[in-house]
Amino acid sequence: MKRILVLLTMVGVLGALSACSEPEPSTSASSTAGDDARGAACADLDLLACARLGTLADLVPAQATAATGEPIRLGMVNQENTPVGSFPELSAAVQAAATFVNEQLGGVGGRPIQVEVCNTNFSAEGSTACGQQFAEAGVPAVLGGIDIFGNAVDVLNTNAIPFVGGIPVSTQSVTAPNSFQWSGGTWGAAVAFADWAATRLNAKSVSIVYGEFGSIADSAGYGRTVLESRGVATQMVPYPIITTDLTSPLTAAMSTNPEALVVLAADTGCKAAFDGVRTLGITVPVFYVGACASPAIVSSVPPEATEGALFNVEGQVSTSNPDPDFALYAEVLETYGDGLNPVGASTVSFRAFMNLYAVLSGLDTDVTASSVTSALAAQRDTPSFMGHPYTCDRQQFEGLPAMCSPQQIMVEMRNREVVQVSDWIDVGAIYAASL
Amino acid sequence: MGYLLAGLGGGAVVAALAIGLVLCFRTSGVVNFAYGAMGMYLAYVFFELRRTGDLLLPVVGLPSRVPIVARPTVATALLIMIVVAALLGAAVHWLVFRPLRNAPPLARVVASLGLLIYLQEVVRLGVPPSSAATAERVTLLPENPVEVLSTTVSANRLLLAALAVTVAAVLWAVYRFTRFGLATRAAADNDKGALLAGLSPDRLGIVNWAVAAVLGGLAVVLIEPIAGLNPTTTPLLVVPALAAALLGGLRSFGLATAAGLGIGMVQSLILGWAVSPSTTWLPDWVPVTGLQQAIPVALVLVALVWRGGVLPTRSAVPEQSLPPSPTPQRVWLWVVVLSGLVLTGLFTLGASYRQAIIVTLVYALLTLSIVVISGYVGQVSLAQLAFAGVAGFSVIRLLDGGVPFVVAVVLAALVATVLGVLVGLPATRVRGMSLAVATLALAVAIDDLVLDSVALSGGPAGRPVPSPTFFGFDIGVTGVGAENFRPIYGVVVLVAVVIAYVVVANLRRGATGVRWLAVRANERAAAAAGINVARTKLTAFALSSFLAGLSGVFLALSSTTLSPTSFIVIGALVAVALTYLSGVSSLAGALVAATLAQAGVVTTFMNGLSGGSAGEYVFALTGLVLVVVTITAPEGITGVVRNRFAALAARRRITAAESA
Numbered sequence: 003m004k005r006i007l008v009l010l011t012m013v014g015v016l017g018a019l020s021a022c023s024e025p026e027p028s029t030s031a032s033s034t035a036g037d038d039a040r041g042a043a044c045a046d047l048d049l050l051a052c053a054r055l056g057t058l059a060d061l062v063p064a065q066a067t068a069a070t071g072e073p074i075r076l077g078m079v080n081q082e083n084t085p086v087g088s089f090p091e092l093s094a095a096v097q098a099a100a101t102f103v104n105e106q107l108g109g110v111g112g113r114p115i116q117v118e119v120c121n122t123n124f125s126a127e128g129s130t131a132c133g134q135q136f137a138e139a140g141v142p143a144v145l146g147g148i149d150i151f152g153n154a155v156d157v158l159n160t161n162a163i164p165f166v167g168g169i170p171v172s173t174q175s176v177t178a179p180n181s182f183q184w185s186g187g188t189w190g191a192a193v194a195f196a197d198w199a200a201t202r203l204n205a206k207s208v209s210i211v212y213g214e215f216g217s218i219a220d221s222a223g224y225g226r227t228v229l230e231s232r233g234v235a236t237q238m239v240p241y242p243i244i245t246t247d248l249t250s251p252l253t254a255a256m257s258t259n260p261e262a263l264v265v266l267a268a269d270t271g272c273k274a275a276f277d278g279v280r281t282l283g284i285t286v287p288v289f290y291v292g293a294c295a296s297p298a299i300v301s302s303v304p305p306e307a308t309e310g311a312l313f314n315v316e317g318q319v320s321t322s323n324p325d326p327d328f329a330l331y332a333e334v335l336e337t338y339g340d341g342l343n344p345v346g347a348s349t350v351s352f353r354a355f356m357n358l359y360a361v362l363s364g365l366d367t368d369v370t371a372s373s374v375t376s377a378l379a380a381q382r383d384t385p386s387f388m389g390h391p392y393t394c395d396r397q398q399f400e401g402l403p404a405m406c407s408p409q410q411i412m413v414e415m416r417n418r419e420v421v422q423v424s425d426w427i428d429v430g431a432i433y434a435a436s437l
Numbered sequence: 028m029g030y031l032l033a034g035l036g037g038g039a040v041v042a043a044l045a046i047g048l049v050l051c052f053r054t055s056g057v058v059n060f061a062y063g064a065m066g067m068y069l070a071y072v073f074f075e076l077r078r079t080g081d082l083l084l085p086v087v088g089l090p091s092r093v094p095i096v097a098r099p100t101v102a103t104a105l106l107i108m109i110v111v112a113a114l115l116g117a118a119v120h121w122l123v124f125r126p127l128r129n130a131p132p133l134a135r136v137v138a139s140l141g142l143l144i145y146l147q148e149v150v151r152l153g154v155p156p157s158s159a160a161t162a163e164r165v166t167l168l169p170e171n172p173v174e175v176l177s178t179t180v181s182a183n184r185l186l187l188a189a190l191a192v193t194v195a196a197v198l199w200a201v202y203r204f205t206r207f208g209l210a211t212r213a214a215a216d217n218d219k220g221a222l223l224a225g226l227s228p229d230r231l232g233i234v235n236w237a238v239a240a241v242l243g244g245l246a247v248v249l250i251e252p253i254a255g256l257n258p259t260t261t262p263l264l265v266v267p268a269l270a271a272a273l274l275g276g277l278r279s280f281g282l283a284t285a286a287g288l289g290i291g292m293v294q295s296l297i298l299g300w301a302v303s304p305s306t307t308w309l310p311d312w313v314p315v316t317g318l319q320q321a322i323p324v325a326l327v328l329v330a331l332v333w334r335g336g337v338l339p340t341r342s343a344v345p346e347q348s349l350p351p352s353p354t355p356q357r358v359w360l361w362v363v364v365l366s367g368l369v370l371t372g373l374f375t376l377g378a379s380y381r382q383a384i385i386v387t388l389v390y391a392l393l394t395l396s397i398v399v400i401s402g403y404v405g406q407v408s409l410a411q412l413a414f415a416g417v418a419g420f421s422v423i424r425l426l427d428g429g430v431p432f433v434v435a436v437v438l439a440a441l442v443a444t445v446l447g448v449l450v451g452l453p454a455t456r457v458r459g460m461s462l463a464v465a466t467l468a469l470a471v472a473i474d475d476l477v478l479d480s481v482a483l484s485g486g487p488a489g490r491p492v493p494s495p496t497f498f499g500f501d502i503g504v505t506g507v508g509a510e511n512f513r514p515i516y517g518v519v520v521l522v523a524v525v526i527a528y529v530v531v532a533n534l535r536r537g538a539t540g541v542r543w544l545a546v547r548a549n550e551r552a553a554a555a556a557g558i559n560v561a562r563t564k565l566t567a568f569a570l571s572s573f574l575a576g577l578s579g580v581f582l583a584l585s586s587t588t589l590s591p592t593s594f595i596v597i598g599a600l601v602a603v604a605l606t607y608l609s610g611v612s613s614l615a616g617a618l619v620a621a622t623l624a625q626a627g628v629v630t631t632f633m634n635g636l637s638g639g640s641a642g643e644y645v646f647a648l649t650g651l652v653l654v655v656v657t658i659t660a661p662e663g664i665t666g667v668v669r670n671r672f673a674a675l676a677a678r679r680r681i682t683a684a685e686s687a
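Right, dumping it as structure tokens:
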């Protein structure tokens, strides 16, 4: 009967979505991302100097320049201030990024960017109303936050307004012709895990334990497709997404003696998964979504529960080659983010804003919905802020045409440290080859 | 064996809360939907004390927290929490449920819902979300793996299950053998008799509620490592606990505990069986997790229906009937006036207000269905939104299959009707709180097995909605830019609402209405007067579910993508609560409730006035208002207004008579 509550408890569900898409910018599970990244890449540099090291380099003026012209209005759809889960960090990160761009980078052609946030209030009607609000306001683009309903994307699509970034949790956000995403979502994670299990671990049988909810369940199917195409026997074990005791699904998953285990859980289910794996004495390699590598979760279980665990991330965490974008991200949040914690899903919305900002800055025509859509659709191998270079040709990930950069990186937990164990994995190509 | 032990943790969580539910019911006949929320708030009190030394206050408006002890030890924090729990339990009894002890079951359901929402908000406002996700927790029970019968299980599961059994045994002994326990049982059964015997039912109530709250707080603290803790999910653990408590007849601590542990283990076994590669005959459309969740529900239903009035009613506490149901008057005048208003709005206002009007019209069909079944016939149904969902997905299928618009609408609503009659069947055997729980259970089952089935509803992603046409004329809702929420669609829904309103008003004024009210007032008397009670109830369920179905149909068509998330059970509870708040026994109440819907006219106009900043305290106030209204004005907003007008008119008549 708990199931009813599931939907009501979007906290977990939505967490799951950040799960897939949250890069873990930290190389250490016990420290915050910002300190590490800054220490590594932008030590003692101011914001502009730090920005010059990364993706935005070409857009950084010689000195801090404030934007003064008529604002460019952008929309953002997010779920905030509701009893069923609230994600203000996503819009707060975007506002911090906008302030940085407006106060230091001179905005877009001298015009400041103004982001208006619309709250879906966790309802399909609210989501529709948000889409309608921005359609009537005639904004040139709308940023995504978290909206599991996706009706806003429908309305924006009718009005040919691009919907960019955010955490892709609705079907529309990954399929609609007007949507552009810079994350692989849980789909990317599942394909990367399946490929790793079949190719690197040579597993002949794999169990996928997954929370039965929208994108998570769908992505579990993607993982299965890849595994079965390689001749790997695959057992699917769904569980109600709000279940916090995973002993029973894990028992079921181990009943077929798999050689690897994939756990697609909401972040609220991570601790339960670690606990269950430890209690049942599971020794085969286990894959978890990136959000499970969050220091807060990892530090809540004994070290042996996470040792050797494999996770997906969407950014380089190599200590030998630190990403200056992460350093800039952490510094901008520190300067303009009003105490916002850099560890979390806000990386995804921050990345989307910066990528959109770069596209807007590159426009040589008026900023309109149609010019922004054309510009986004024309991007090929464009550097992405804190992510893999992106290509919005709608061919990057079969069945998920909105994804411009679904690529993933695998990391392993060793002595409570996240160690990068792969380069970028082209999940789109892997999935296409499995069909 | 592995599966049984794996299910022990989940079972212990259910059992721990079921014990408290039984205690609340035994004391004051209340099925306390807010029990999980009380435990959740208290657990936060404990964890926040440990984390910061601050006491989380349960009163919105006061500072949300006050520092009291710097870094208290576990024992100190636990002690403070126990004191807070006792005070909270006593306050809830004294302020909420004692005044409602004679109120109809619906009022108590609504009040406990209000309390649930309020406590959720107290925590949401008082505990910053980031710290809620990352707060360091104190583990009170060891979590190391232990070997039992060649299977490993976490020690805390075993200990928790053992604790639940022990507490149940102690409570059983206390209520069986001590003077306090016997007095409680006497007072619960017959409070006047208890008074005569020199016992104070109120004092006994306070003590029992305090004990229940303390147990709830401790339970949630202890189950935190297994069940997690957050303001949204934790309060809802009450639902499976309710199932266990019901299997124990809401009387027996032992049976409730056993049922709780059993539910966890059975779910584990079902999962193991359903996902096993050797289970091949399970149809693809059956969602495995749905099946796992639905089977305990089925058990509850079988138990409820088979045993009839399973919830004992208290002999000497007469329950008040529902608020008076005024006969609808000047129906056509109201139709003309309101339709005029709606049409003016549709053709003159901007798109966002047109959306609000359409949402309100759609919701009016749902609230009308609640007025029919709950207000007129007195049957608490918490499954109305599930009917709407089934009809909504049906109409998409029918339109996709080329069925003409009007036929598709009627057929889809009829699908809901069939389901409604099936759900209504238990109503011929059980009533009151039992029926509320039975319909809730059925709504959950419909959610789990039908609405969440990828094959039937597209799963959580939902289905794209086709734009309807009427004799080739586009009557769909979607338009470009400011043309969206086309007025023509609003007119279509308005026509449906007017027909429904007039039909219900006429039925209410005719012989059917008399039968409805007779059944509502006293089923035995109605039967004695020659009314076929079962048939009356089932017809009402049919009409009500048809209306709910219509609302689902028009909800689907007013959207671009229909998701099952629109029909989650909590939405049904909110709809019932809003209708009760507005006046559950009158047509006007249904209409007022509809304006209060999320994204309906009231919230949209208020957002427009406040510049989009819906107040931070809106949900907390909603919860509070629900509790206050159920206690002080059971006839709802429209009832209060009507009484005020009636009083004014009477005074005017008296003045006129005097001056004459």
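Which chain is which? The protein sequence lines are H and R, in order. Taking the working numbering, the leading residue of the first sequence gets 3, the next gets one more, and so forth. Taking the working numbering, the leading residue of the second sequence gets 28, the next gets one more, and so forth. A virtual CB, placed ideally from N, CA and C, is assigned to each residue, including glycine. All of these numbers come straight from a predicted model, not from anything done at the bench.
Which value, in whole angstroms, describes the spacing of the CA atoms of G537 of chain R and T261 of chain R?
For the pair G537 of chain R and T261 of chain R, the Cα-to-Cα distance works out to about 46 angstroms.
So the beta strand (DSSP E) E419 of chain H belongs to, where does it begin and stop?
419–422
So if DSSP puts P172 of chain R in a beta bridge, which residue, or which two residues, is it bridged to?
R:S181
Find out if the Cβ-Cβ distance for the pair E316 of chain H, I411 of chain H is shorter than 8 angstroms.
yes
Assuming contact is defined by CB atoms lying nearer than 8 angstroms, are L425 of chain R and Y528 of chain R in contact in what I supplied?
no
Find the residues of chain R that neighbour V157 of chain H, judging by a C-beta separation of less than 9 angstroms, and give them in chain order.
T505, N511, T587
If you run the structure through DSSP and keep just helix, strand and coil, what is S91 of chain R?
coil
Against chain H: residues of the segment 168–193 of chain R by CB proximity under 8 angstroms
E170, P172, T179, V180, S181, R184
Closest by CA to A70 of chain R, which one among R:W300, R:L167, R:G598, R:A556?
Taking each of R:W300, R:L167, R:G598, R:A556 in turn and checking the Cα distance to A70 of chain R, the smallest one comes out for R:L167.
Beta-carbon gap between A196 of chain R and A468 of chain R smaller than 8 angstroms
no
Compare the C-alpha of N259 of chain H against each of H:L203, H:G278, H:F102, H:T285 and name the closest.
Minimum Cα distance to N259 of chain H is reached at H:T285.
Quick one: does I150 of chain H have its CB under 8 angstroms from some CB of chain R?
yes
Relative to chain R, which residues along the segment 100–129 of chain H have a C-beta separation below 7 angstroms, given in chain order?
N123, S125, A126, E127, G128
Proximity test, Cβ basis, 8 angstroms: Q134 of chain H and chain R
yes
From the DSSP output, in three-state form, read off Q183 of chain H for me.
DSSP places Q183 of chain H in strand when its eight states are reduced to three.
Are the Cβ atoms of L187 of chain R and I250 of chain R separated by less than 8 angstroms?
yes
If you follow the alpha helix (DSSP H) that E336 of chain H is part of, which residue opens it and which one closes it?
326–338
Using the Cα positions of A554 of chain R and L565 of chain R, report the straight-line distance between them to the nearest angstrom.
When rounded, the distance between both Cα atoms is 15 angstroms.
Roughly how many angstroms separate the alpha carbons of L50 of chain H and V150 of chain R, rounded to a whole number?
40 angstroms
In whole angstroms, what is the alpha-carbon distance linking A22 of chain R and M67 of chain R?
Given that chain R is displayed from residue 28 to residue 687, the structure contains no residue 22 of chain R and the question cannot be resolved.
Residues bridged to V110 of chain H [DSSP beta-bridge criterion]:
Checking the DSSP bridge columns, you'll see V110 of chain H partnered with H:R113.
Quick check: what's the CA-CA separation for A159 of chain R versus A274 of chain H?
The pLDDT assigned to A159 of chain R is 39, lower than 50, so where the model puts this residue is not dependable, and the model offers no usable value.
Looking at the unbroken alpha helix (DSSP H) that takes in P251 of chain H, where does it start and where does it end?
249–256
Listing by chain order, which chain H residues have their CB less than 8 angstroms from the CB of L298 of chain R?
V239, Y241, S250, P251, A254, listed in chain order.
Only counting runs of 3 or more residues, tell me where the beta strand (DSSP E) segments fall wholly within the segment 52–103 of chain H, in order along the chain.
74–80, all fully within the segment 52–103 of chain H.
Rounded to a whole number of angstroms, what is the C-alpha to C-alpha distance between V404 of chain R and Q97 of chain H?
Going from the Cα of V404 of chain R to the Cα of Q97 of chain H covers about 53 angstroms.
Chain H partners of Q356 of chain R, CB-CB under 7 angstroms?
Chain-order list of chain H residues neighbouring Q356 of chain R: empty, with the shortest C-beta distance near 33 angstroms, by a criterion of under 7 angstroms.
Check whether L266 of chain H and I210 of chain H have beta carbons under 8 angstroms apart
yes
Closest Cα partner of V239 of chain H within the set R:A254, R:G276, R:I297, R:Q147
R:I297
Give every residue of the same chain whose Cβ lies closer than 6 angstroms to the Cβ of V248 of chain R, excluding the five residues on either side of it in the sequence, and list them in chain order.
A70, F73
Pick from R:W121, R:S572, R:S227 that is closest to V398 of chain R, judged by C-alpha positions:
R:S572
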